[in-house]
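Heads up, the thing below is written out as structure tokens.
There are 2 protein chains.
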Amino acid sequence: MKKNLKQEIIAIAKEAKAASASLAILSSAQKCAVLKDMAAALLRQETAILKANRKDILKSHAKSKAFVERLTLDKSRIKQMADSLLSIADLKDPVDEVMRAWNTSSGLSIQKVRSPLGVVAIIYESRPNVTADCIGLCFKSGNSVILRGGSEALNSNLEIFNVLQEVMQKYNLAKGSINLVSTSDRKAVDYLLKLNDYIDVVIPRGGEELIKKVVKSSRIPVIKHYKGICHVYVDEEADLNMARNICLNAKLQRPGVCNAMESMLVHRDVAIRFLPRMLQEFREAGVEIRGCAFTKRIAKWVKLAAKKDYRTEYCDLILSVKVVENLDEAIAHINEYGSHHSDSIVTDNNIAAAKFLKQVDSACVYLNASTRFTDGNQFGMGAEIGISTDKLHARGPMALEELTTYKYLIYGAGQVRV
Amino acid sequence: MKKNLKQEIIAIAKEAKAASASLAILSSAQKCAVLKDMAAALLRQETAILKANRKDILKSHAKSKAFVERLTLDKSRIKQMADSLLSIADLKDPVDEVMRAWNTSSGLSIQKVRSPLGVVAIIYESRPNVTADCIGLCFKSGNSVILRGGSEALNSNLEIFNVLQEVMQKYNLAKGSINLVSTSDRKAVDYLLKLNDYIDVVIPRGGEELIKKVVKSSRIPVIKHYKGICHVYVDEEADLNMARNICLNAKLQRPGVCNAMESMLVHRDVAIRFLPRMLQEFREAGVEIRGCAFTKRIAKWVKLAAKKDYRTEYCDLILSVKVVENLDEAIAHINEYGSHHSDSIVTDNNIAAAKFLKQVDSACVYLNASTRFTDGNQFGMGAEIGISTDKLHARGPMALEELTTYKYLIYGAGQVRV
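Protein sequence lines, in the order shown, are assigned to chains A and B.
For the first sequence, this note's numbering begins at 1 and goes up steadily by one.
For the second sequence, this note's numbering begins at 1001 and goes up steadily by one.
Shown next as structure tokens:
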């Protein structure tokens, strides 16, 4: 039985690899037509998708409200999935873009050309919309995709997948172009992660535990972010009203996501003016504050932060606060305790801003804006396939370009090396 | 004792990480001055370097001639090292280059800016010039570097390293900016490869065994190529004289390197015209031919190739030859048996050329030129730090840009997400 599963996973990966060669040579117009048809098919099959989703929801009764919320589809969410495919259809095709072209002294003409990676595996949890988004982005970038969603959303994912696969078949595209591992046997992931001969990259999307597990057992390169410990630093020359708005937004607009603020740093020279009202507002919004000794002196009800609070992604209405001596301490704290995801400085001082932007070692560094903008859509990339806090290949929001590699095409007229 | 070595390696990696922050903010002018001074210092210390090299050579008497040749320095090679540093000094600084800039609908101004990776570890064999090249390229790209050369070149590497470190000290640069692991204990590499908290990328340079070992035990992302099985495909519409020159050059100009031709494919419609003379010329040059049945029919002295011959990097005067039915078979053969390094088509047919360039899944794909041009210098990148057959991050020759990542700088005026 287990041997069968392993063979099955290998067969999927081989088929995906074989299909990738034919995807790489599709024209932009062909891909666009397929994606638009996929969007229409999702809307047409709305009832079937909602029915499948209902099955998943019924099984999830013991789970948290947030969990069920993430899992649940309705008409408007299906519309969003379809809209997302339409917007991917309209995005610029990254494949075959000439990134650079030059001539060498030996008379060769070299082009650096964007090409598909080949086969992309995505391992994700809960949200069924990820299924459609990832199929759309991988297809548009000329890659085969192997999806492995969470068992809690299996019926929804399978129905969405089948609807989209039907469209692929209508266009006579290789079946291996899109794949869903539909067993809930956890061994399937272990097998998948060993297939570096067929799969070019793995993108895990979900909680830190899932991602750690993938990194530990994968022989395939992984692009990932473990967590988002995002900071807002309120500088001594901050516009304090702007700082207040940014901090409230970064913490409260959607506390459960990776680009929400988890830690607020305040320059000591504005702490007395800024913190009393700010802390009170957070308190009234139901936010638990874990602060340094200075913060606690300003508001007695503040809990004293342990060191590990500054390393914690709460994804909840909890905020760590620290008063710092100066900009250097803020930068050092962020680089030491943060997760290299998204960090913001609020200041009117250009020199402080430039220093912060340069020296904070994060994927996205903001001046006078909320960290909540770290997102492929907000960045104008169209849908997003994930956010990377890695430094190799892709950093920050990942969309079509990040799903490509490049190759060098070298045009000669008989040149040989002397 | 072993515990001490582990602590020592961790200390080196930590120092390198700490130093990387200060390297990232050096100006181009500062880096240029240091590199030029390094070049001068190498020439000034020529005698000491040659003396150290002599010690390594004396220990290598049991090794092959090629091995000793790679190890040996002389005045002209030291001059080449110095020239290489001078040319790196003159290359465009990749750090802080704005790769793209745009405004979002929310009024944010986003810059995608090139930044150093942080800490680069390089594990290499034999050639002592790699020491100077890698220090130069990593320093110019704002990265700390940890070098681990082969024990056979330890004295040479150490002397070159000390000369360059002295220059770094003269400019008061952090000692951890450049590091050489100078023990010959093999455990040192194992320890190093676990330090993914401090080291951002490992680049192994050497034989397939070394690289496999690094990949297997590394927790740090690795950029590499295992081997170079490069093909020249002589199309039915090839200029056969050009094909002859290219094949001779690709095989013979330097047979021991990764971009030399290991396998020659010939369209069956030109095989009778092309192969008899070509095979004879290779024979006269001392090349052993391992060919398919068709090839053997053309020249009886040809050895019949086993399947594994087409997967072998000989690095020697041996060539596998195959006659193929058509372009499709040539492409399929290269993608199946090759190493995705460098492959060339010789043809006057534009359609065949375009298909080959598009569908051969290799880092460098050539039309009417020798595969021997796959090289950072030949590509006009200045010195090269290695060649990648990976698809993530860097593919093909790697130099300064490939030693960088990027970050997004986002300039706002108080924007919050709605």
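A virtual CB, placed ideally from N, CA and C, is assigned to each residue, including glycine.
Original post:
Taking the alpha carbon of K17 of chain A as the point to measure from, which residue in A:N196, A:K92 and A:E159 has its own alpha carbon closest?
Top reply: For this step, residue 17 of chain A is matched to residue 17 along the first sequence. Of the listed residues, the one whose Cα sits closest to K17 of chain A is A:N196.
Original post:
Starting from M398 of chain A and walking both ways along the beta strand (DSSP E), at which residues does that stretch end?
Top reply: Along the first sequence, one-based indexing puts residue 398 of chain A at 398. Segment G396 to M398, the beta strand (DSSP E) holding M398 of chain A.
**OP:** Determine the burial state of R273 of chain A: buried for a count of at least 16 other Cβ atoms within 10 Å of its Cβ, exposed for fewer.
**Re:** Counted from its first residue, the first sequence places residue 273 of chain A at position 273. So R273 of chain A ends up on the exposed side.
**OP:** Give a yes or no on whether 8 angstroms exceeds the smallest Cβ distance from A1018 of chain B to chain A.
**Re:** In the second sequence, counting from the first residue as 1, residue 1018 of chain B sits at position 18. No, A1018 of chain B does not count as interfacial toward chain A.
Subject >> Limits of the unbroken beta strand (DSSP E) element including C1292 of chain B >> reply: Here residue 1292 of chain B is taken as the residue at index 292 of the second sequence, counted from 1. Note, C1292 of chain B: premise wrong, no beta strand (DSSP E); not H, not E.
Original post:
So what's K1303 of chain B in DSSP terms, helix, strand or just coil?
Top reply: As a working mapping, residue 1303 of chain B is identified with position 303 in the second sequence. Strand, per DSSP.
Subject >> Terminal residues of the alpha helix (DSSP H) in which M81 of chain A lies >> reply: Against the first sequence, residue 81 of chain A aligns to sequence position 81. Counting along the chain, the alpha helix (DSSP H) containing M81 of chain A begins and ends at K75 to D90.
**OP:** Report the neighbours of N249 of chain A on chain B: residues whose CB is nearer than 7 angstroms to its CB, in chain order.
**Re:** Here residue 249 of chain A refers to the residue found at position 249 of the first sequence. The answer, in chain order, is V1416 and R1417.
**OP:** Name the one or two DSSP bridge partners that M264 of chain A has.
**Re:** Locating residue 264 of chain A in the first sequence gives position 264, where the first residue counts as 1. DSSP, once it has assigned bridges, lists A:V232 and A:V321 as partnering M264 of chain A.
Subject >> Contact list for R1395 of chain B against chain A, beta-carbon separation under 7 angstroms >> reply: In the second sequence, the residue the question calls residue 1395 of chain B occupies position 395. Chain A residues near R1395 of chain B: T405, Y406 and K407.
**OP:** Tell me G1386 of chain B's beta-bridge partners as DSSP assigns them.
**Re:** As a position in the second sequence, residue 1386 of chain B is number 386, starting the count at 1. B:M1398, per the DSSP bridge assignment.
Original post:
For V145 of chain A and chain B, any beta-carbon pair shorter than 8 angstroms?
Top reply: Counted from its first residue, the first sequence places residue 145 of chain A at position 145. Cβ-Cβ to chain B under 8 angstroms: no for V145 of chain A.
Original post:
Alpha carbon to alpha carbon, what distance is there between C1364 of chain B and R417 of chain A?
Top reply: Residue 417 of chain A sits at position 417 when you count from the first residue of the first sequence. Residue 1364 of chain B sits at position 364 when you count from the first residue of the second sequence. Cα to Cα, the separation comes out at about 15 angstroms.
Subject >> Alpha-carbon spacing of M1 of chain A relative to I334 of chain A, whole angstroms >> reply: In the first sequence, counting from the first residue as 1, residue 1 of chain A sits at position 1. In the first sequence, counting from the first residue as 1, residue 334 of chain A sits at position 334. Since pLDDT at M1 of chain A reaches only 49, below the 50 mark, its modelled position is unreliable, and the value read off the structure follows with that caveat. Taking the straight line from one Cα to the other gives about 49 angstroms.
**OP:** Within the same chain, show all residues whose beta-carbon is closer than 7 angstroms to that of T104 of chain A, passing over the 5 residues directly before and after it, in chain order.
**Re:** The sequence position of residue 104 of chain A within the first sequence is 104, counting from 1. The answer, listed in chain order, is I110.
**OP:** State the start and end residues of the unbroken beta strand (DSSP E) segment that holds T404 of chain A.
**Re:** Here residue 404 of chain A refers to the residue found at position 404 of the first sequence. T404 to Q415 is the span of the beta strand (DSSP E), which, as asked, contains T404 of chain A.
Original post:
Of all the residues that make up the region 1252-1264 of chain B, which are near chain A by a beta-carbon distance shorter than 7 angstroms?
Top reply: Q1253
Subject >> Exposure of R277 of chain A, with buried meaning 16 or more beta-carbon neighbours within 10 Å >> reply: Along the first sequence, one-based indexing puts residue 277 of chain A at 277. Exposed, because fewer than 16 other Cβ atoms sit within 10 Å of the Cβ of R277 of chain A.
**OP:** Mark A1394 of chain B as exposed unless 16 or more other C-beta atoms lie within 10 angstroms of its C-beta, in which case mark it buried.
**Re:** As a working mapping, residue 1394 of chain B is identified with position 394 in the second sequence. Buried, by the Cβ-count rule.
Original post:
So is M1 of chain A in contact with chain B if we call contact Cβ pairs under 8 angstroms?
Top reply: On the first sequence, position 1 is the one that residue 1 of chain A refers to. Because the pLDDT of M1 of chain A is 49, which lies under 50, any placement of that residue in the model is unreliable, and the question is left without a value.
Original post:
How would you label V1214 of chain B, buried or exposed, when you count the other beta carbons within 10 angstroms and need 16 or more for buried?
Top reply: Within the second sequence, the letter at position 214 stands for residue 1214 of chain B. The residue is buried, with at least 16 neighbouring Cβ atoms inside 10 Å.
**OP:** Count the C-beta pairs between the region 352-371 of chain A and the region 242-259 of chain A that are closer than 8 angstroms, then say yes if the count reaches three, no if not.
**Re:** yes
**OP:** Quick one: give me the first and last residue of the beta strand (DSSP E) that R1054 of chain B is part of.
**Re:** On the second sequence, position 54 is the one that residue 1054 of chain B refers to. Counted as a single uninterrupted DSSP element, the stretch harbouring R1054 of chain B is not any beta strand (DSSP E) but the alpha helix (DSSP H) occupying residues E1046 to K1059.
Subject >> When A:K140, A:S182, A:D96 and A:F379 are compared against M38 of chain A, the one with the closest alpha-carbon >> reply: Residue mapping note: residue 38 of chain A aligns to position 38 of the first sequence, counting from 1. For M38 of chain A, the nearest C-alpha among the options comes from A:K140.
Original post:
Which bits of chain B does P221 of chain A rub up against, with CB to CB less than 8 angstroms?
Top reply: Position 221 of the first sequence holds residue 221 of chain A. Neighbours of P221 of chain A on chain B, chain order: P1221, D1390 and L1392.
Original post:
What do you reckon, are the CB atoms on H267 of chain A and V232 of chain A nearer than 8 angstroms?
Top reply: Taking the first residue of the first sequence as position 1, residue 267 of chain A is located at position 267. Taking the first residue of the first sequence as position 1, residue 232 of chain A is located at position 232. Against a cut-off of 8 angstroms, the Cβ pair of V232 of chain A and H267 of chain A comes out as no contact.
Subject >> chain A contacts made by the region 1081-1094 of chain B, where a contact means CB separation under 9 angstroms >> reply: The region 1081-1094 of chain B vs chain A, Cβ under 9 angstroms: nothing.
**OP:** Measure the C-alpha to C-alpha separation of I25 of chain A and S84 of chain A and round it to an integer number of angstroms.
**Re:** To locate residue 25 of chain A, count along the first sequence from 1; it is residue 25. To locate residue 84 of chain A, count along the first sequence from 1; it is residue 84. Those two C-alpha atoms are separated by around 23 angstroms.
Original post:
Taking only beta-carbon atoms, is V1120 of chain B less than 8 angstroms away from chain A?
Top reply: Counting from one through the second sequence, the residue named residue 1120 of chain B turns up at place 120. Not an interface residue.
**OP:** Would you mind sorting Y1406 of chain B into buried or exposed? The rule is 16 or more other CB atoms within 10 Å of its CB.
**Re:** As a working note, residue 1406 of chain B is residue 406 in the second sequence. Per the 10 Å Cβ criterion, buried.
Subject >> Straight-line Cα distance separating S362 of chain A from G206 of chain A >> reply: As a position in the first sequence, residue 206 of chain A is number 206, starting the count at 1. As a position in the first sequence, residue 362 of chain A is number 362, starting the count at 1. Their Cα atoms are separated by approximately 20 angstroms.
Original post:
DSSP on R1362 of chain B, reduced to helix/strand/coil?
Top reply: Residue mapping note: residue 1362 of chain B aligns to position 362 of the second sequence, counting from 1. Residue identity differs from the one stated: residue 1362 of chain B is Ser in this sequence, not Arg. If DSSP states are grouped into helix, strand and coil, S1362 of chain B belongs with coil.
**OP:** Provide the residue(s) that pair with R1186 of chain B in DSSP beta bridges, ordered along the chain.
**Re:** What you label residue 1186 of chain B is simply residue 186 of the second sequence in a count that begins at 1. Bridge partners of R1186 of chain B: none, in fact.
Original post:
If we cut at 8 angstroms on Cβ distances, does Q1280 of chain B have a partner in chain A?
Top reply: Counting from one through the second sequence, the residue named residue 1280 of chain B turns up at place 280. No - not a single Cβ of chain A is within 8 angstroms of the one on Q1280 of chain B.
**OP:** Name, please, each residue of chain A whose Cβ falls closer than 7 angstroms to the Cβ of Y1366 of chain B.
**Re:** Working through the second sequence from its first residue, we reach residue 1366 of chain B at position 366. By Cβ distance, chain A contributes I410 and G412.
Original post:
What in chain B is Cβ-close to A285 of chain A, meaning under 9 angstroms?
Top reply: Here residue 285 of chain A refers to the residue found at position 285 of the first sequence. Contact annotation for A285 of chain A against chain B: no contact, minimum CB-CB distance about 14 angstroms [criterion: below 9 angstroms].
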